[in-house]
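Here the sequence shown is numbered in my numbering, starting from 603 and rising by one per residue.
Every residue gets a Cβ at the ideal spot worked out from N, C-alpha and C, and that includes glycine.
For reference, the structure discussed in these notes is given below.
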Amino acid sequence: HLLLHLGFDVIAFDFDTFWFSNPRVRFEELADETEADVMMTRHLDADCFNMGLLYIRSSSQSAEWYSRYLEWLHQHPYEREQRGVNSLLGFTDQAISFPPKNMPKLKIGVLD
């Protein structure tokens, strides 16, 4: 969260992910090609994003979006973080309780 506000792109991933080489350069290339602000993988068995791998390009919009997302998540601990991301990015029709108003629009990309 803080890194986005400081101007650093962020890669977050589950601990059961193993890298054979540094993915940063490839993620940056994909983000440039697709003009994506945020990229995630899809679930293997559902049509939604999976929080197991997340790449966010730093910008004022992405930092504000992530700040609002975290604020919403902390205020609604009974919600699932993954459902929140899918709903707030507009990737699926999944509903969440009390969605924040005026979320910045981010362009999303898929890392499949």
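query: Nearest CA to the CA of Asp616: which residue from Ser662, Glu631, Lys709 and Asn652?
result: To locate residue 616, count along the sequence shown from 1; it is residue 14. Comparing Cα-Cα distances from Asp616 to each of Ser662, Glu631, Lys709 and Asn652, the minimum goes to Asn652.
- request: Classify Phe651 as helix, strand or coil using the three-state DSSP reduction.
  value: Working through the sequence shown from its first residue, we reach residue 651 at position 49. Phe651 falls in the strand class under three-state DSSP.
- prompt: Curious, which full-length alpha helix (DSSP H) runs of at least 4 residues does the stretch 669-700 contain?
  reply: 683-691
Alpha-carbon to alpha-carbon, Ser699 and Asp639: Taking the first residue of the sequence shown as 1, we reach residue 639 at position 37. Taking the first residue of the sequence shown as 1, we reach residue 699 at position 97. Roughly 25 Å between the two C-alpha positions.
field: Alpha-carbon spacing of Gly686 relative to Pro679, whole angstroms
entry: Mapped onto the sequence shown, residue 686 falls at position 84. Mapped onto the sequence shown, residue 679 falls at position 77. Gly686 and Pro679: Cα-Cα distance of roughly 11 Å.
- prompt: Roughly how many angstroms lie between the CA atoms of Asp660 and Glu637, to the nearest whole one?
  reply: Looking up residue 660 in the sequence shown gives position 58. Looking up residue 637 in the sequence shown gives position 35. Reading the sequence as shown, one finds Ser at residue 660 and not Asp. The straight-line gap from Cα to Cα measures roughly 12 Å.
task: Tell me whether Arg628 sits in a helix, a strand or coil according to DSSP, three-state version.
output: Working through the sequence shown from its first residue, we reach residue 628 at position 26. Helix, per DSSP.
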